[in-house]
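Here the sequence shown stands for residues 5 to 223, where the numbers follow the working numbering. Yeah, the Cβ is synthetic: ideal placement off N, Cα and C, and Gly gets one too. Quick caveat, the model's predicted, so the values are computed rather than measured. Working notes, structure below.
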Amino acid sequence: MLIGDLISVLLTLAIAAFFAIPTTRGLYISANAAAPELLAFIKFALLATGGEIWAWRIKHKTYNLKGFGLLPKTLLWGVFGIIIYWAFGIFSGGVPKVFPFLDTLQEPWRNILTAFAISLFLNLIFSPIFMTTHHLTDRFITANQGRLPIRQFNMLSALKGIDWDRMWGFVFTKTIPFFWIPAHTITFMLPSEWRMIFAAGLSVFLGIILGSVNKNKTG
Numbered sequence: 005m006l007i008g009d010l011i012s013v014l015l016t017l018a019i020a021a022f023f024a025i026p027t028t029r030g031l032y033i034s035a036n037a038a039a040p041e042l043l044a045f046i047k048f049a050l051l052a053t054g055g056e057i058w059a060w061r062i063k064h065k066t067y068n069l070k071g072f073g074l075l076p077k078t079l080l081w082g083v084f085g086i087i088i089y090w091a092f093g094i095f096s097g098g099v100p101k102v103f104p105f106l107d108t109l110q111e112p113w114r115n116i117l118t119a120f121a122i123s124l125f126l127n128l129i130f131s132p133i134f135m136t137t138h139h140l141t142d143r144f145i146t147a148n149q150g151r152l153p154i155r156q157f158n159m160l161s162a163l164k165g166i167d168w169d170r171m172w173g174f175v176f177t178k179t180i181p182f183f184w185i186p187a188h189t190i191t192f193m194l195p196s197e198w199r200m201i202f203a204a205g206l207s208v209f210l211g212i213i214l215g216s217v218n219k220n221k222t223g
């Protein structure tokens with residue numbers, strides 16, 4: 005085990021302890037209610053980037069992050085966190101209004117089916133766009149040795165560089181119905197203050213999944 009693995013385990017335990025202790029958990033809930041976008045930025049910047057670092061460790065068998073792009077990825081994940089927070093709000097607020105019969109169901113079916121419906125529409129409408137955007141930015145950072153020179157980004161070239169056969173045949177048609185819809189159903193069954201934490205934790209799987217379609221091209 006590398007010293008970095010030990011540090012990762014200790015950090016994971018520290019985060020778990022933070023949410024397990026009533027006092028610090030209460031501070032989180034209060035802060036989340038007061039500034040949800042800021043907390044969304046912080047949660048994804050830390051947890052999602054941490055997940056990508058762990059995926060990097062698994063792939064390269066080292067914590068040497070040369071070419072990883074720690075700062076650009078941290079900032080991008082923070083921005084993605086805010087966008088995901090907004091998407092969660094739009095779909096969790098809109099889907100029950102489109103299907104009001106869900107409110108007439110008895111528990112636990114009301115909670116389960118409402119969460120499933122929200123997850124279904126979120127993943128059919130929002131997730132493909134988000135996954136493609138994340139994949140494009142991730143490949144661009146990698147192609148530029150860990151930098152994010154935005155002015156050099158060429159959307160058409162980047163889109164052409166994607167392995168669409170695998171993106172469609174695996175990421176969209178396999179992971180969305182068989183992993184993301186069930187996972188986000190669980191997410192929307194949780195109290196609202198815990199959904200983004202759970203979603204940020206799931207982001208490590210997104211990094212691994214999208215890494216599987218990353219061709220040896222630049223874009």
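Distance CB(residue i)-CB(residue j) smaller than 8 angstroms
i	j	result
Thr71	Thr137	Per the sequence shown, the amino acid found at residue 71 is Gly instead of Thr. Cβ distance not < 8 angstroms, so Gly71 and Thr137 don't count as in contact.
Leu51	Ala204	yes
Arg114	Leu106	yes
Met135	Val83	no
Phe95	Ser207	no
Pro226	Thr78	Summary: the structure shown does not reach residue 226, with the chain confined to residues 5 through 223, and so no result is reported for it.
Arg61	Gly98	no
Per-residue burial, residue i [other beta carbons within 10 Å of its own, 16 or more giving buried]
i	result
Ile201	buried
Lys219	With a pLDDT of 43 at Lys219, under the threshold of 50, the modelled position of that residue is not reliable, and the figure given next carries that caveat. Exposed.
Glu56	buried
Leu6	exposed
Thr222	Residue confidence for Thr222 is low, a pLDDT of 40 falling below 50, so the modelled location carries little weight; the figure read from the coordinates is stated next. Exposed is the call here.
Pro76	buried
Ala18	exposed
N- and C-terminal bounds of the alpha helix (DSSP H) containing residue i
i	result
Lys164	159–164
Val175	Run containing Val175: none; DSSP gives neither H nor E here.
Phe84	74–102
Ile185	185–193
Phe120	113–125
Pro40	40–47
Residue i, DSSP secondary structure in three states
i	result
Thr146	helix
Asp107	helix
Lys63	helix
Pro132	helix
Ile25	coil
Leu69	coil
Arg151	coil
Leu6	coil
The ligand GTP heavy atom lying under 7 angstroms from the CB of residue i
i	result
Leu31	The model on display carries no ligand, and the ligand GTP is accordingly not part of it.
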